[in-house]
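Number of protein chains: 2
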Amino acid sequence: MKEATLKEIAEKLGISITTVSKALKGYPDVSLKTKDAVISLAKKLNYSPNSFAVNLRTKESKTIGLIIPEIVHHFFSNVINGIIAEAEKNGYLVIILQSNESLELEKKQVALLINKRVDGIIISLSNESNDDSHLKEIIARKIPFVQFDKIAKLIHSSKVVINDQIAARNAVQHLIDNGYRKIAHIRGPLNPQNAIDRFIGYKKALEINNIPFDASLVYTCEKVTFQEGIDFAKQIMTDHPDVEGIFAITDLVAVGVLSYFNDIGIKIPEQVAVIGFSNWFMSQVLTPKLSTVDQPSHEMGVASFKLLLEEMNCHKKEIPFTPRTIELETKVIARESTFKKK
Amino acid sequence: MKEATLKEIAEKLGISITTVSKALKGYPDVSLKTKDAVISLAKKLNYSPNSFAVNLRTKESKTIGLIIPEIVHHFFSNVINGIIAEAEKNGYLVIILQSNESLELEKKQVALLINKRVDGIIISLSNESNDDSHLKEIIARKIPFVQFDKIAKLIHSSKVVINDQIAARNAVQHLIDNGYRKIAHIRGPLNPQNAIDRFIGYKKALEINNIPFDASLVYTCEKVTFQEGIDFAKQIMTDHPDVEGIFAITDLVAVGVLSYFNDIGIKIPEQVAVIGFSNWFMSQVLTPKLSTVDQPSHEMGVASFKLLLEEMNCHKKEIPFTPRTIELETKVIARESTFKKK
DNA sequence: CGAAATACCGAAAACGTTTTCGATTTGATA
DNA sequence: TATCAAATCGAAAACGTTTTCGGTATTTCG
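In the order they appear, the protein sequences are chains A and B. Using UniProt numbering, you'd call the opening residue of the first sequence number 1 and step up by one each time. Using UniProt numbering, you'd call the opening residue of the second sequence number 1 and step up by one each time.
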């Protein structure tokens, strides 16, 4: 009761391994008679090609690697969803690794994937990542490679992103349009490009509306957690009791803010309006319902894999591929936490 | 600029492939001098063994497959987290597939993983799964195999579960202890073992407290969604305006209930108390904060991989392995949505 | 010094597939 | 009938590694 091989089938049928292989793969130079015999015996023996041998021979494994900072995250789990769905549709499997926002781990994992000889790599960088060497290694090895969301701008690879500057600007503009002018920003860490861009978007919105920028209204998350939302909300109310609105780098932090305000009885949005980012599922069931910026996470996953697939196909046929960047649309979702000021 | 191989190193050093291989793998029968030469050249050439060839030769890929019904799910993404963390720690990578609660997909994916010759498989069944043939196939092929959470009781494999009956009984007992006696249950679909067990637990709790069971108080989800929570909440209030408590199969559904009650102004828990299941992150930030049953999701992942690893090690050494079942502890998390009745 | 033990090395098979290229057979055509 | 094309098949190399087994060369010891 062991695995059937081409050799076994060949011997039982008294023909060569070559012919069996060709019959199963639909080569034209095998007679209908032997072809039928091979196919039926293969089915009977429950034959399936040994993928280890196929990998070795064809030098591809139909497997890609995916590195993300954090799986338990509404945004990322949605992206994963999009990637593995699209991958499976195209006959690829996905190995998932989690960097836990650690650059060191991220580097190890890139090395791991290179060693495993995956056909391609998709990555969203950790917050710590301010070093490109591991990404350059991927490029140097000519491994098809796509970055999404948290990217290294200077690495010449395909990318799938949103326009964080404009998205953030729109979020802040929404607050301003609804009558809130003294707006604090709880920003992300200093490294990630998207935290930087959202911060720039925040400043631009102020500028456009002739609101002077006040650096003391900007608070910087280290870990981007729920707890930081709570802590900064408290801090903000101490530093700026007259604050009118808060724009948080992501919904998780905004929820922390909401949670704190609810607990101590600060009315949202009457006293302070709050807007988040990413449109986590949770945001629509809170009290008050949280305004946010919708980020097409599933589509980002799908687009990322499609780009990677293009590059993998070129790579296989040895035709050159020029990396592309896809920018997906976002939109402000207005809910209760930013209702128009009376 | 292609990949270095043993052959290349051997030729450059004027020795045999065998010796190079042995030097790199620390065999005792190679002199220190040649060993050093090999190792330093290997490092210089950035050599790493071709895993395709290693897989073929050793018949293992250090890769396992994981099939779950739904990634975008607080419980499952936490389990994934536990599994890939533990796997990586032990030198294994994880291919993740999502069955989307479809039996058909689940079967295809099992076949896929078998074909890929993964070293082991971990699975949580889809709600549709009432057919065992694909699982029997795994067993028949002697592939190390662990089921968790949503399991097929009759399949003889290792399992990681909670005691759903007792956990559900405790949840309902908590409601009763706090003064709620007319309790509705929004249960899961008919197939999954854990939905069945939680329903049994619900009935047992009533029985213990001499509360007659009323089948009209039981509502059955098809898809176990937020929307179903909303719909059933509405239905329950129509059918049983005097209901005092609701026990929902999972937090997502409970949140739907909460959301509906909040919207139409039904006070929780004053008019109706609500308890969920699984302790999603979201449940602690709602208004009111949702009582629930904590399920150690991360630990389930870790335990699942550990069991699988044990079996994989036995499998490799061809020593027999007896499947085990690990039952993890749960506990009721009392929050605002079930405060003691006055 | 001779024999036995030890240290070091390499040939070769094996894993199972894919694919090239040539060989043989068959049938058709002139 | 001789020739040529088409149809059908198989030998063999190749992918890169691991491991067994035997062969030298060197050392050790009586």
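Don't be surprised by glycine CBs; every beta carbon is placed ideally from N, CA and C.
Min CB distance Glu88(A) to chain B below 9 Å: Judged by the 9 Å Cβ criterion, Glu88(A) is in contact with chain B.
What runs of the alpha helix (DSSP H), each 4 residues or longer, lie entirely inside the UniProt domain "HTH lacI-type" (4-58) of chain B? 6-13, 17-24, 32-44 and 51-58
I think Ser129(A) touches Asn191(A), with their Cβ atoms under 8 Å apart; what is that distance to the nearest whole Å? Contact flag correct, Cβ pair sits at about 6 Å.
Among Thr250(A), Val243(A) and Ser61(A), which one has its Cα closest to the Cα of Phe261(A)? Val243(A)
Asp149(B) and Thr63(B): beta carbons closer than 9 Å? Not a contact, by the Cβ cut-off of 9 Å.
Is it a yes or a no for the stretch 294-309 of chain A touching the stretch 186-202 of chain A, going by three-plus beta-carbon pairs under 8 Å? Touching, no.
Within chain B, partners of Ser126(A) - CB distance below 7 Å: Residues of chain B passing the Cβ test: none, with the nearest at roughly 15 Å.
State the Cα-Cα distance for the pair Glu336(B) and Arg187(B), rounded to the nearest angstrom. 22 Å
How would you call Ile319(A), buried or exposed, if buried means at least 16 neighbouring beta carbons within 10 angstroms? exposed
Give the interface partners of Ser61(B) over in chain A, defined as CB-CB distance under 8 Å, in chain order. Phe52
Since Glu106(A) is in the alpha helix (DSSP H), which residue starts that stretch and which ends it? Leu103 to Lys116
What does Val257(A) reach in chain B if we use C-beta pairs closer than 9 Å? Those within 9 Å of Val257(A) in chain B number zero; the least Cβ separation is about 11 Å.
Residue nearest to Leu97(B) in terms of C-alpha spacing, selected from Gly91(B), Asn90(B) and Leu105(B): Leu105(B)
Closest to Lys159(A) by C-alpha separation, out of Thr5(A), Lys316(A) and Glu310(A), would be which residue? Glu310(A)
Using a Cβ-Cβ distance under 9 Å, would Ala85(B) count as near chain A? yes
Measuring CA to CA, which of Tyr219(A), Ile155(A) and Phe226(A) is closest to Thr238(A)? Tyr219(A)
Contact check, Ile83(A) vs Val94(A) under 8 Å by CB: the rounded distance? Confirmed, Cβ separation roughly 6 Å.
Reduced DSSP category for Tyr260(A) - H, G, I as helix; E, B as strand; rest coil: helix
Round the Cβ separation of Ala303(A) and Val274(A) to the nearest angstrom and send it over; I've been treating them as touching at under 8 Å. So it is not a contact: roughly 30 Å between Cβ atoms.
Could you check if Gly14(B) is buried or exposed, using at least 16 other CB atoms within 10 Å of its CB as the buried criterion? exposed
Classify Lys316(A): buried if its beta carbon has 16 or more other beta carbons within 10 angstroms, exposed otherwise. exposed
Are the beta-carbon atoms of Glu101(A) and Asn127(A) separated by less than 9 Å? yes
Which stretch, first to last residue, makes up the beta strand (DSSP E) that contains Gly65(A)? Thr63 to Ile68
Between Ala4(A) and Ser40(A), is the Cβ-Cβ spacing less than 9 Å? no
Ala152(A) vs Gly201(A) beta-carbon contact at 9 Å: no
How far does the alpha helix (DSSP H) with Tyr219(B) in it reach, from first residue to last? Run containing Tyr219(B): none in the alpha helix (DSSP H); it sits in the beta strand (DSSP E), Val218 to Thr220.
Short Cβ contact (9 Å threshold) for Arg117(A) with Asn50(B): The answer is yes: Cβ separation under 9 Å.
CB-CB under 7 Å to Asn46(B), same chain, minus the five flanking residues each way: which ones, in chain order? Ala4
Provide the residue(s) that pair with Pro120(A) in DSSP beta bridges, ordered along the chain. Position check: residue 120(A) holds Gly in this sequence, whereas Pro was assumed. Listed as beta-bridge partners of Gly120(A) by DSSP are Ile64(A).
Can you check whether the C-beta of Thr287(B) is within less than 9 Å of a C-beta belonging to chain A? Chain A, which has a Cβ nearer than 9 Å to the Cβ of Thr287(B), makes this yes.
Of the listed residues Lys7(B), His174(B) and Asp251(B), nearest to Thr225(B) (C-alpha basis): Put simply, of Lys7(B), His174(B) and Asp251(B) the residue whose alpha carbon is nearest the alpha carbon of Thr225(B) is Asp251(B).
Should Ile143(B) be labelled buried (16 or more other beta-carbon atoms within 10 Å of its own) or exposed? buried
Tell me the rounded alpha-carbon separation between Ile68(B) and Phe75(A). 18 Å
Contacts of Asn115(B) in chain A (Cβ-Cβ under 7 Å): Result: Ser48 and Ser51.
What does Ser77(A) reach in chain B if we use C-beta pairs closer than 7 Å? Ile71, Val72 and Ser77
Listing by chain order, which chain A residues have their CB less than 7 Å from the CB of Ile80(B)? Proximity of chain A to Ile80(B) at the Cβ level (cut-off 7 Å) is accounted for by Ile71, in chain order.
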